[in-house]
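Visitor: Taken in order, the sequence shown gives residues 137 to 820; the numbers are from my numbering.
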Amino acid sequence: MKDAEANANDTAATKLYYQTDLKGYVADLTKKVTPEGREYTFDYDAEGNLTAVTDPMGNATTTVDGDYTTKYTYDNAGQLLTATDANGNKTSYSDYHPAGYPETTTDPLGHDTTTAYDARGNVLSITDAKGKKSTYTYDVFGRPLESQVPKDQDQGEFITTPAPVYDKNDNVTEETASNGAVTTYSYDKADQMASTTEPEDTADGPERKTTYEYDLVGNLLKQTEPKGNLTPDNPEDFVTTYGYDKIYQMTSVTNADGDKITYEYDNVGNVVTVVDPKKNKTTDTTDYTTKIAYNLNHQVTKETDAEGHSTQYQYDLDGNKTAVTDKEGHTTTVTYDERGLVEEVKAPHKDGVDRVTQYAYDEVGNRTHVITPRGVETSTEGDYVHETKYDALNRVKEKIFPYDPASSDSRYNQPHKMTYTYDEVGNRVQVSAPPSDGQTDPDGNALRNETTYEYFDNGWVQSSTDPWNIQTSYGYNELGLQTSRTLTSAGGSNSRTMGWSYYPDGKRKAKSDDGVPVGKDVVLVDNSDTPNVEFSGDWKTSSNVDGHQGYSYQYDYQDSGYPDSDADDHFFTWKLNIPKDGDYEVWVSYQKYKDRATNAPYTVEYDGGTDTVEVNQNTASGSETEWKKLGTYAFQAGNTHQVTLTDDADRIVVADAVKLVRDNSGRRTTKPKTLPTPTMPTAT
137 MKDAEANAND
147 TAATKLYYQT
157 DLKGYVADLT
167 KKVTPEGREY
177 TFDYDAEGNL
187 TAVTDPMGNA
197 TTTVDGDYTT
207 KYTYDNAGQL
217 LTATDANGNK
227 TSYSDYHPAG
237 YPETTTDPLG
247 HDTTTAYDAR
257 GNVLSITDAK
267 GKKSTYTYDV
277 FGRPLESQVP
287 KDQDQGEFIT
297 TPAPVYDKND
307 NVTEETASNG
317 AVTTYSYDKA
327 DQMASTTEPE
337 DTADGPERKT
347 TYEYDLVGNL
357 LKQTEPKGNL
367 TPDNPEDFVT
377 TYGYDKIYQM
387 TSVTNADGDK
397 ITYEYDNVGN
407 VVTVVDPKKN
417 KTTDTTDYTT
427 KIAYNLNHQV
437 TKETDAEGHS
447 TQYQYDLDGN
457 KTAVTDKEGH
467 TTTVTYDERG
477 LVEEVKAPHK
487 DGVDRVTQYA
497 YDEVGNRTHV
507 ITPRGVETST
517 EGDYVHETKY
527 DALNRVKEKI
537 FPYDPASSDS
547 RYNQPHKMTY
557 TYDEVGNRVQ
567 VSAPPSDGQT
577 DPDGNALRNE
587 TTYEYFDNGW
597 VQSSTDPWNI
607 QTSYGYNELG
617 LQTSRTLTSA
627 GGSNSRTMGW
637 SYYPDGKRKA
647 KSDDGVPVGK
657 DVVLVDNSDT
667 PNVEFSGDWK
677 TSSNVDGHQG
687 YSYQYDYQDS
697 GYPDSDADDH
707 FFTWKLNIPK
717 DGDYEVWVSY
727 QKYKDRATNA
737 PYTVEYDGGT
747 DTVEVNQNTA
757 SGSETEWKKL
767 GTYAFQAGNT
777 HQVTLTDDAD
787 RIVVADAVKL
797 VRDNSGRRTT
807 KPKTLPTPTM
817 PTAT
C-alpha cells in the first residue's frame with residue numbers, strides 16, 4: 137500500500153499481512169510494516185479474538201526488559217475479561233449484562249467501578265470506587281432525559297440536569313441547565329438549526345436569539361447575533377456571512393464589522409492562501425497574504441507569511457516531522473525511535489554548535505526521561521536528567537529534577553523530587569515538594585512541603601491545605617463555576633474571601649474580594665525561621681505530632697521528673713518584626729500530648745512592658761495541635777519586641793510558632809488588654 141509520495145519517489149510501501157481461513161478467505165491482520173520498517177504484530181485465539189499487540193520496539197529487539205506487548209483475554213462467549221498493558225498493569229471486566237456490556241470494571245489498583253444498564257444497553261447508573269452513584273434516565277425511544285451526579289452524596293447534595301424536550305425528529309427544542317436556565321432551539325424543514333434562544337440576563341432583559349440561514353445544500357450562509365435580531369431594520373447589523381466556491385469549499389468569512397478573510401485552494405482541496413481583512417481592502421495582490429505549500433501526502437512543507445518569510449518542514453516516510461527550518465534559516469532536527477516517539481531533538485544554539493535533548497519512554501509510551509543538553513554532553517549517568525515515574529494507571533507519581541553531582545552546593549548536587557498521590561477515583565489528593573532549604577528531622581529524613589486536596593464527589597476541588605496549614609476552600613454553582621474562594625490562616629484566626637456571581641448562561645456578572653479586612657494583618661514566626669529565633673539549652677527537634685507549622689517543632693524540659701543536664705532555665709525566643717504600630721493579638725502554636733507541661737510560661741515583651749502567661753500544653757489522651765491566644769498587646773514598628781518560652785515548667789514544653797494578628801480598628805495603647813483566651817480550632 138503506497139501513498140502518493142511513495143508512488144512518486146518509488147519509496148517503500150506500507151505492508152499488511154493477513155492470515156486466511158481454510159477456504160482461503162482473508163481473516164485477520166497479523167502484521168503491519170510501515171515504510172520506515174516499523175513492525176506491529178497481532179495475535180489471535182482460535183475464535184478470532186485479538187489476544188496480543190506487539191509494537192515496533194518489541195519486534196525490533198529481544199534484549200530489552202519486557203516485550204512491549206498489550207495482551208487481552210476473553211471468556212467462552214468472546215467477551216473481554218482482561219486487558220494488560222505493556223507494563224503489566226491489568227484491567228479486568230466482569231459481570232456482563234445481557235446486552236454485552238461489563239457491569240464491573242476493576243482497574244490495575246483493584247478499584248471497582250460498577251455500571252447498571254437497561255434492556256437496550258443504556259447506562260442507568262455508574263457507581264465509582266468510593267461508592268458515589270450517578271444516575272441517568274431515558275424515554276421510551278432511548279433518548280436521554282434527566283441525569284443526576286452527586287456533589288456530596290452523604291449530605292444529599294446532587295447536581296441535577298433536567299430532561300430536554302425533543303420534537304418528532306429527535307431534535308432538542310428545549311434544554312434546561314442544572315441551574316434552571318432554559319435555552320430553546322428551532323429547526324428548518326431540513327432539521328438544520330434555524331435559531332438558538334439563550335436565557336436572558338435578567339427577568340426583564342431583551343431576548344437573546346441567534347438565527348442561522350443556509351444554502352440549498354446545507355452550508356451556513358448567514359449568522360445573526362441577538363443584537364442584530366433586535367434591529368431588523370438593518371439586515372447587515374451584527375451579521376456574519378460565509379461564501380463558498382462551486383464545490384462548497386469556504387472561500388470567505390465576513391464578520392459584523394465588515395472585516396473579510398478569504399481562502400484559496402489547490403486542486404485537491406488544500407488551503408494554499410489565506411488573505412486577512414487588510415488585504416481585502418487593498419489592491420496589492422501580494423500584501424497581507426499567507427501562503428501554504430504541501431507535498432503529495434497533503435503535509436505542509438512551507439508556510440510563507442505576509443512579509444515573505446518562510447518556515448519549511450520535512451518528514452520521514454511514516455509522516456513524522458523530522459526537520460523544521462525557521463524564518464531565519466535555522467534548522468531543528470528530530471529523530472524517532474522504533475515506535476515513532478521523539479527520541480532526540482537537535483536545536484541550533486550558535487554557529488556550528490547544536491543543543492541536543494534526548495528522550496526515553498517506558499513500554500506503554502509514557503515519557504520517563506528527558507536528558508537535557510548538559511546531560512547529553514556529560515558521561516555521568518543520571519545527571520541533568522528530568523525523570524518521571526508513573527503508577528499502574530499511567531498517572532504521574534514522581535518527578536525527579538536534574539542535578540549536578542559535581543556541584544559543591546547541596547541544593548543542586550542531589551536529585552530532588554515531586555511526588556503525587558491520588559484517591560480511588562483518580563483525584564490528586566497530595567503534592568509533595570522538596571524541602572525549601574533542605575530541612576530534616578532528628579533522624580535525618582527530609583521534611584517535605586506537602587499540599588493536600590479534598591474533593592466533592594463529582595471531582596470539584598473542595599479545599600486545599602498548603603505546607604503552612606493555610607487552607608483554601610472553594611464554592612461552586614450548579615454549572616461548576618467557582619462562586620467563592622476563602623483562604624484561612626493556620627489556626628483560623630484570619631481569612632480572606634473572594635466571590636464571583638454569574639448570569640444564567642454562565643457569563644461572569646460580578647467579582648468581590650474582602651481584601652485584608654479588620655484584624656487580618658498577620659505576622660507569623662516559625663521555630664525554623666533561623667534569622668528570627670534564638671534559644672539556649674538543648675532544644676530537640678521533632679515532627680512526630682502532625683499539624684505543626686513549617687517543618688517541625690522543638691521541645692525541652694526541666695528537672696521535674698525529666699532530668700536535664702543543668703539546672704538553668706532554657707529559653708526559646710521568637711523575634712517579632714512589627715510592620716506598623718498598633719494592637720496585636722498574640723497567638724502561640726504547640727503540639728498537645730500526655731507528657732506536655734500544664735504550665736508552659738510564655739513572656740510577651742510589648743511596647744511598654746512584659747506579660748507572662750502560663751499555657752496548658754497537656755492532654756489526657758491522643759495528640760493535637762492547638763493555637764492559643766495569650767492576649768492583645770500594643771507594639772510599635774522598629775522597636776524590639778519578642779515572645780519567649782522557658783522550660784521552667786512541670787513537664788516538656790513545646791516551641792512551634794508565634795502569630796500576631798493586628799486589630800486595624802483599635803486604638804494603640806501601652807498596656808495589654810485583658811481578654812478571654814479561647815482555644816483555637818485544631819489546625820488541618
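For every residue, glycine included, the Cβ atom is placed at its ideal position computed from N, Cα and C.
I'd like to know if the segment 280–294 and the segment 582–596 are in contact, where contact means that at least 3 CB-CB pairs between them fall below 8 Å.
Guide: Touching, yes, given that three or more Cβ pairs across the two stretches are closer than 8 Å.
Visitor: To the nearest angstrom, how far is it from the Cα of S696 to the Cα of W604?
Guide: Note that S696 scores 44 on pLDDT, short of 50, meaning its location in the model is unreliable and no value can be drawn from it.
Visitor: Please report the distance separating the alpha-carbon of I397 from that of D157.
Guide: The alpha-carbon atoms of I397 and D157 are separated by roughly 56 Å.
Visitor: So what does DSSP say about Q753, is it helix, strand or coil?
Guide: Coil at Q753, not helix or strand.
Visitor: Exposed or buried, which one is H485 when buried takes at least 16 other CB atoms within 10 Å?
Guide: Burial call: exposed.
Visitor: How far does the alpha helix (DSSP H) with R279 in it reach, from first residue to last?
Guide: Unbroken run through R279: none, as it is neither H nor E.
Visitor: According to the Cβ coordinates, are V404 and K427 closer than 8 Å?
Guide: Contact: no.
Visitor: Assign L281 to one of two classes, buried (16 or more other C-beta atoms within 10 Å of its C-beta) or exposed (fewer than that).
Guide: With fewer than 16 other Cβ atoms within 10 Å, it is exposed.
Visitor: Do the CB positions of S572 and N585 come within less than 8 Å of each other?
Guide: Yes, these two residues count as a Cβ contact at 8 Å.
Visitor: DSSP three-state call for M386: helix, strand or coil?
Guide: M386: strand per DSSP, three-state reduction.
Visitor: Should the segment 336–343 be called in touch with the segment 664–676, which here means at least 3 C-beta pairs below 8 Å?
Guide: No, they do not touch.
Visitor: Report yes if the CB atom of R621 is closer than 8 Å to the CB atom of Y612, and no otherwise.
Guide: Cβ atoms of R621 and Y612: not closer than 8 Å.
Visitor: Can the beta-carbon of Y726 be found closer than 8 Å to that of D792?
Guide: Contact: yes.
Visitor: Taking its Cβ as the centre, do 16 or more other Cβ atoms sit within 10 Å of A773, making it buried, or is it exposed?
Guide: Classification for A773: exposed.
Visitor: Using CA coordinates, which residue listed in P300, D290, I262 is at the minimum distance from G278?
Guide: Closest by alpha carbon: P300.
Visitor: Between the Cα of Q448 and those of G465, A442, H434, T332, spot the shortest distance and give me the residue it belongs to.
Guide: Answer by Cα proximity: G465.
Visitor: Considering only the beta carbon of each residue, do I295 and S314 sit closer than 8 Å?
Guide: Going by C-beta atoms, I295 is nearer than 8 Å to S314.
Visitor: Measuring alpha carbon to alpha carbon, tell me which residue in P244, T177, A213 is nearest Y204.
Guide: Comparing Cα positions, the closest option is T177.
Visitor: Residues bridged to A770 by DSSP?
Guide: The partner list for A770 (beta bridge, DSSP) reads D719.
Visitor: Should the segment 744–758 be regarded as contacting the segment 708–721, the criterion being three or more beta carbon pairs within less than 8 Å?
Guide: No, they do not touch.
Visitor: Buried or exposed: which applies to Y154, given that a residue is buried once 16 or more other Cβ atoms fall within 10 Å of its Cβ?
Guide: Counting Cβ neighbours within 10 Å, Y154 comes out exposed, since fewer than 16 surround it.
Visitor: Looking only at its own chain, which residues have a Cβ that is under 7 Å from the Cβ of D381, when we skip the five neighbours before and after it?
Guide: Around D381: T387.
Visitor: Check whether the segment 514–534 touches the segment 543–558, counting contact only when three or more Cβ pairs, one atom from each stretch, lie closer than 8 Å.
Guide: With a cut-off of 8 Å, the segment 543–558 and the segment 514–534 count as touching, because enough Cβ pairs lie within range.
Visitor: Grouping DSSP H, G and I as helix and E and B as strand, with all else coil, what is M193?
Guide: If DSSP states are grouped into helix, strand and coil, M193 belongs with the helices.
Visitor: Between the Cα of Y180 and those of Y769, K207, P192, T332, spot the shortest distance and give me the residue it belongs to.
Guide: For the residues Y769, K207, P192, T332, the minimum Cα distance to Y180 belongs to K207.
Visitor: Pull up the distance between the alpha-carbon of A188 and that of V512, whole angstroms please.
Guide: Each residue's alpha carbon lies about 36 Å from the other.
Visitor: Check whether the Cβ atoms of V478 and Y495 sit closer than 8 Å, and answer yes or no.
Guide: Yes, the Cβ-Cβ distance between V478 and Y495 is below 8 Å.
Visitor: Using CA coordinates, which residue listed in Y229, N225, D351, G224 is at the minimum distance from L217?
Guide: Ranking the options by Cα distance to L217, first place goes to Y229.
Visitor: Given a threshold of 16 other Cβ atoms within 10 Å of its Cβ, counted over all protein chains shown, does A222 qualify as buried or as exposed?
Guide: It counts as buried.
Visitor: Cα separation between T333 and T346?
Guide: Straight-line Cα distance between these residues: approximately 6 Å.
Visitor: What would DSSP say about R564, mapped onto helix, strand or coil?
Guide: DSSP places R564 in strand when its eight states are reduced to three.
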